[in-house]
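In my numbering, the protein residues as written are 3 to 1056.
Built from N, CA and C at the ideal position, the CB exists for glycine as well.
Source: prediction; values computed, not measured.
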Amino acid sequence: MDWVTAVWAMLIGGCVAMALSHLFVGMWQRRGAHLCFVVAAAAVIGIAVGELFMIRATSVEQFARAQQWTHLPILILVVALVAFVRLYFRTGRVWLGVAVCAVRFVSPIINLAFPPGLNFHEITALSHIHFLGETVSVPVAVISSWTLLGELSSLLLLVFVINASIRLWRRARPNDRGIHRFGNAARLPLCVSASVCLLLLTSFCAAGAESKRVLVVHSFGTVAPPFTTHSTAFEAELVKRMGNRVDLDEVSLDMARYAAPDMQEALVDYLEKRGANWKPDLVVPIGGPAGIFVAKFRHRLFLNIPVLYCSLDRRLLGPDAFDENTTFVGANYEVRGFAEDILQIAPDTKNIAIVIGATPLEQYWTEAFRKGFEPFTDRVNFIWLNDLSFDQMLERVKALPPHSFIFLILFLRDAAGVTQNADEALQRLHAVANAPINSIFTSQMGLGIVGGRLYPSTEDGMKAAETAVRILNGASPSSFPPRIVPPSSPRYDGRELRRWKIDERYLPPGSAILFQTPTVWQQYRGWIIAALSVCVVQAVLIAGLVANLIRRRRAEGSLLESERRFHVMADATPVLIWMSGVNKLCTFFNKPWLEFTGRSMEQELGNGWADGVHADDLQKCFKTYTEAFDARQPFVMQYRLRRNDGEYRWISDEGVARYNAQGKFAGYIGSCVDVTELINKDAALRESEERMRLAADAANLGIWEWDLGNDEVWATNARRALLGWPASGKVTFEDFISQVHPSDRNRIREIIDCAIDEGKDFDSEYRLVLPDGIVRWMATRGSVHFDKDGRPARVLGISIDITARKEAETEAKQRRDELSHLTRVALIGEMSASIAHELNQPLAGIASNARAGQRFIDRGNIDLQEIRDLLTDISADARRASEVMRQIRGMIRKEQTPRQRINLNDIVMKVVHMVGPDALLHSCELKTSLDERSPTVEADPIQMQQVLVNLIMNAFDATREIPVSSRKVEITTEQNGDGTVCTSVRDYGAGISGETSERMFEQFFTTKTEGLGMGLAIVRSIVESHGGKIEAENVEGGGARFNFILPTSPEIPK
C-alpha cells in the first residue's frame, strides 16, 4: 500500500470511528444531532473514496465517473452539517441554512445533466504529478462556468457557520474577570469555519493560478508541410493537456522567403521588443531554421528560458546548442534507409529522380542525401531536380525512362524562387508522373506516395507537447534526454501498389496496406450472405416439407404392414409377449402366452391375465407395473404364473414404454421368460455353498476370493471372525495385508503380485497379527483366474491355521539344541577324562623324580650322576606328555582337506537357504547383493560355509534387541579390483563397543551369557589359513559389518 492510499485509509478509519461512537451515543441519548454527525462522517468517507478513485484513475472516463458521483456525498455532508449545527448548538439562521442546502441540491442535478460534470466543461486528458512521493492523476480540462454554483454553495456554508459561531460566541457568559470562556459549544463551530475557510481559499488560489506562456517559433510560416503538420499536432496536444492554463503565441521566420542574414537581425530586434512586454515560460522552435536561429540568438532573446527543439534533425544543431536548460524531441533521418525501401519494393529500379527545393535548409539536405546515396550509385542513376523550377520538374517527371522512381524530400521553394506547398506540389507531381513516388513523412500518405518507413510528424508533435507540459509543470529540461522519434512501421498505399503493379510479396514483413479499394464481395458481403441464406433456407424448407409429406404417406402405408409383421413375429417368438395401452389395460398377447396359460385372447385382455398370477404375488406385481407405468420407466419383476396344466411357474417379466412415430406415449410392451429352472438352480447353488461353508468352518479352513477389478476380498465367516472383519461390508486387499506380520508383509505381497503377473499358482506360509495381538501361523494356497480377454480377474485361495505345527517344530528344534548341548558337554567330559588319563602317568613320573632329586639335595648327599639320571627321566616323561598332547590335538583337529575353485556367490546362496528358518525365528529379513562378475577362489567350501554361518548367526543375535520392523541382515560380495574378493555380513543392531572390537577375535572371549567365545576365533583361523584377512567395523546408520577378503590367485598359502 502506497502513502496516498495509506493517508486516505487513515482518514476513512478515523471517520468510521467517529461515526460509530456518535451512533452509539445517539441511540443511547435519543438525540438527532448525533445521528446527523454520523451521516456527515459517512459522507466524508464517501468523498474520500471518490477522491481515491479519481487520483488512481487510469482513463478520462474513470475520472469523470468518479467526480460525477462525488457530488452526491458532498450534498449529504452539507445538509448533515447544517442540521447538526441547528440541532446541537441551536443557533444559525434558518433561511441561510436552507439557502445553502438548496444551492447544493441543484449542484448534483446539474452535475449529472451536463457531463462530464459540474466542474469541467471538457476533460481532455489526465496528467500525472507527484504527491507524497507517489504518482497521482489530475485532469487536463476546461473549467466549466457551473463551478461558480458549487463555489457559491461553499461560500454560503462558510457564512452560515461563521454566523452560528458569532451567535454562539455572544451567547457565552464571561467569568468574574470579564473574560469569555469558550466551552465545547463554541470550539466546534470555530474549527469547522476555519477548515471551510482554508478549503475555499485553497480552491480560489488554484482557480486563479497564472497561465503558462509558450512561444512557438516557425521556420517557414503556418502553411509549410510537413512543419505545419507538426506544429498543428503540437499546439492541439498542448492545449488539450494544459486547458486554459496556457497562453500560446507564434512567430514565423519564413525562411522560404527571407533567408538573408540581415533579415535575422531585424527579427532579433522585433523579438527583443516583444519580449519586453511578453516573456515566455517556454520557447519551442519548430524546424531546422528556427532551431538554428534560436540556438544562435538565445542568449540575447531567451536567456534563462527553457527551450524545446523539435521537428528537426539533431545534426543541424551544434553541440553548444544543448545546455542545462534545453532539450530535444525530433528525428534522426536515416538517408540510406529511403533508398533501401525503394529498391526492396521495386528491385528493378534503374533511376531515382530526387525532388527537393532550393532553400538553405534544402540545400543542406541535398548534400546530405547525395553523400548518403553514394553506396547505391553503382546500381542506380540518381537524377537531381533541385536546380529546376517546379514547372520544369513537372516536365521531367512526365518523361522519365522506364524502371524509374521519384523521391520527394522537401519542397519549400524551387530554384526559380517561387515558394511552394509541399503537399500541393506532391499532388501535382502525382497527376503527371510516369513513375511511382515516395517521400519521407506519414502526413503525405494518401496524397500519391507509395509508402515505406515514414517519419510521423503528428506523433513527433504530440511527443513534443508531452515534454512541454512536463517542463511547464516545473520539470527541468535538462532532466529529459534528447528524444529521437523513430520512423513508423512500414505502411503502403494500396492504390499506388496496384497502379504501379508492385508485388506485395516484396513488402517488408508486418507491412500495413492502407486505402485498399474494396471488391464487390467486400462491399456487399453482408447483403450477399443474407440473400443466399434466405434462398438456401427457403429451398431447405420446401425440400423438408416435400420429404415430410412423402415419409408420412409411406409411414401410413407401412404401419399396417408393420403391425401385421409384428404379430407374425410375436407369435413365432418362443417368449411370452404382451402389450398394453395408455389406460394400463392389456391389448395383446402373443400365441406362446395363450398356449402357456391355456386361455383365449378375450379371457386375457384387460386385467384378465391377472387371474393366472399366484395370489401371493398379485399385489406386488400390480404395484411394480403401476409405479413403472406412471413414471414411464422400464421394469423387471418376477412372479408365479399358472400354466395350462395347473402348475405355477416362475416368470421373469421385463417391460418398457413404447411410443408412436410422433413420439407420443402409446402404452407398454413386455416379454416374459420361464425362469423356474434357473431359480431352482440358484437355490441349489446357495444350499451347496452353505454346506461348503459349514464344512470349511468345521475343518477350520479359510476360503477367500479377491476380486481384482473392485479390490474386494470375500472370505468365509470363520475367516472373517478370526481376522476381526465385520460379517458384512467391503474388505480390501490392503485391509488383509495390513494384518500380515511386518516381517512377512513384503514377501507375501511379492508372491501374490508375481502370481498375478505370471498367472501361476502360489503357496506360502506367513504370520498374521490378530486384533488382540496374538500371532498365528497360516499356510495359504491360491490360483489366479482370468476373464475372457485374458486379463487377471480373480484370485481364489484357501488358508489353514498351522500355528500348532509351527509351535511343534519350534519345540522340536529347541529339544534338538538342548540334546546337542548335552552331547557336547558329555564329549568335553570324555575328552577331559581321556586327556587326564593319558597325561597322568608321565606327569606322575616327573613328579616322582622331582621329589627324589629334592630329597637328595635336602640330605646334602649330592650325587651328580644320580641327579643327571633324574633329569634325564624327567625330560623323557615330558617328551612323552608332549607326544600325548600332540596326538590328542591331531585327533581333535580336522585333517587338511583338498581345496577347490569355488564361487562365493554359490556358497552365500546355500548358506542363506540353510539359515532361512533361523531368520524366521528371529523375525529378521535376510537380503543379498551379489556381484555377478565375482571371480572364483581356491578354498574349502565346508569351511567357507562354517565362516558364513558363524557370522550370520552372530548378526541374528545382534538384532535381537531392536524392533521387528528394523531387523535386517545384508550379505554382499564385491570384486575389489586388486585380485581379491570381499564378502560382507552387515546387521542393523547396536554395533560394536570399543572394548569388544579389540578382543572379539580372541579365543574364549564372548559377550553372550551362553557363548564359549570360540566362534570368531575359529572364523579368523579359517580365513587366515586361506591367505585372507577379516575385519569388523561399525556402519553409519546403525549396526556392524564383518568383511573377510580372500585372494583370487590360484596360489593359496598353506
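Cβ-based burial, residue 529 [other Cβ within 10 Å; buried from 16]: It counts as exposed.
Burial state of residue 580, where buried means 16 or more other Cβ atoms lie within 10 Å: buried
Alpha-carbon spacing of residue 106 relative to residue 98, whole angstroms: Here the C-alpha atom of residue 106 lies approximately 12 Å from the C-alpha atom of residue 98.
Length at least 4, wholly inside the segment 607–694: the alpha helix (DSSP H) runs in chain order: 617–633
Pair within 8 Å by beta-carbon distance, residue 305 and residue 284: no
Alpha carbon of residue 910 to alpha carbon of residue 874, nearest angstrom: 56 Å
Spatial neighbours of residue 479 in its chain, beta-carbon cut-off 6 Å, leaving aside the 5 residues before and after: 308, 327, 328, 329 and 473
Buried/exposed call for residue 464, threshold 16 Cβ in 10 Å: In summary, residue 464 is buried, with 16 or more beta-carbon neighbours lying within 10 Å of its beta-carbon over all protein chains present.
Proximity of residue 149 and residue 121 at Cβ, strictly below 8 Å: yes
Three-state secondary structure (DSSP) of residue 148: In the displayed model, residue 148 falls within coil according to three-state DSSP, outside both helix and strand.
Minimum C-alpha distance to residue 640 - residue among 652, 646, 872 and 647: 652
Beta-carbon proximity check, residue 331 vs residue 312, cutoff 8 Å: yes
DSSP state of residue 1136 mapped onto helix, strand, coil: One cannot answer for residue 1136 here, as it falls past the ends of the chain, which runs 3 to 1056.
Residue 661 to residue 707 span [Cα, whole Å]: 46 Å
Nearest-angstrom beta carbon gap, residue 975 and residue 932 [assumed within contact, 8 Å]: 5 Å
Status (buried if at least 16 other CB within 10 Å, exposed otherwise) for residue 488: exposed
Euclidean distance between Cα positions of residue 485 and residue 77: When rounded, the distance between both Cα atoms is 47 Å.
Limits of the beta strand (DSSP E) - the one that residue 361 falls within: Element bounds for residue 361: n/a, residue is neither H nor E.
Contact check, residue 670 vs residue 631, beta carbons under 8 Å: The beta carbons of residue 670 and residue 631 sit closer together than 8 Å.
Beta-carbon proximity check, residue 453 vs residue 493, cutoff 8 Å: yes
Assumed close pair residue 241, residue 213 - CB separation to whole angstroms, cut-off 8 Å: So it is not a contact: roughly 11 Å between Cβ atoms.
Residue 1040 classed as buried or exposed, judged by whether at least 16 other C-beta atoms fall within 10 angstroms: exposed
Residue 912, DSSP secondary structure in three states: Residue 912 falls in the helix class under three-state DSSP.
Residue 790 burial status per 10 Å Cβ neighbour count (16 or more: buried): With fewer than 16 other Cβ atoms from the protein chains shown falling within 10 Å of its own Cβ, residue 790 counts as exposed.
Cβ pair count under 8 Å reaching 3, the segment 772–780 against the segment 722–730: yes
Extent of the continuous alpha helix (DSSP H) to which residue 461 belongs: For residue 461, the enclosing alpha helix (DSSP H) stretches over residues 459–474.
Beta carbon of residue 110 nearer than 8 Å to that of residue 158: no
Beta-carbon proximity of residue 904 to residue 939, cut-off 8 Å: Remark: C-beta atoms of residue 904 and residue 939 approach each other more closely than 8 Å.
Residue 177, DSSP secondary structure in three states: Note that residue 177 scores a pLDDT of 47, beneath 50, so its modelled location is shaky and nothing firm can be said.
Backbone CA spacing between residue 256 and residue 367 [nearest angstrom]: 18 Å
Beta-carbon separation (whole angstroms), residue 917 vs residue 1024, contact threshold 8 Å: Their Cβ separation, rounded to whole angstroms, is 18 Å, which puts residue 917 and residue 1024 out of contact at 8 Å.
Which listed residue (44, 68, 41 and 63) has its alpha carbon closest to that of residue 54: Proximity to residue 54 across 44, 68, 41 and 63 peaks at 68, based on C-alpha coordinates.
Exposure label - residue 437; buried when at least 16 CB within 10 Å: buried
Continuous beta strand (DSSP E) stretch holding residue 514: start and end: 514–516
beta-carbon residue 951 near the ligand ATP non-hydrogen atom, thresh 7 Å: In the structure shown, the ligand ATP is absent, as is every other ligand, since no ligand is present at all.
Alpha-carbon spacing of residue 167 relative to residue 114, whole angstroms: 34 Å
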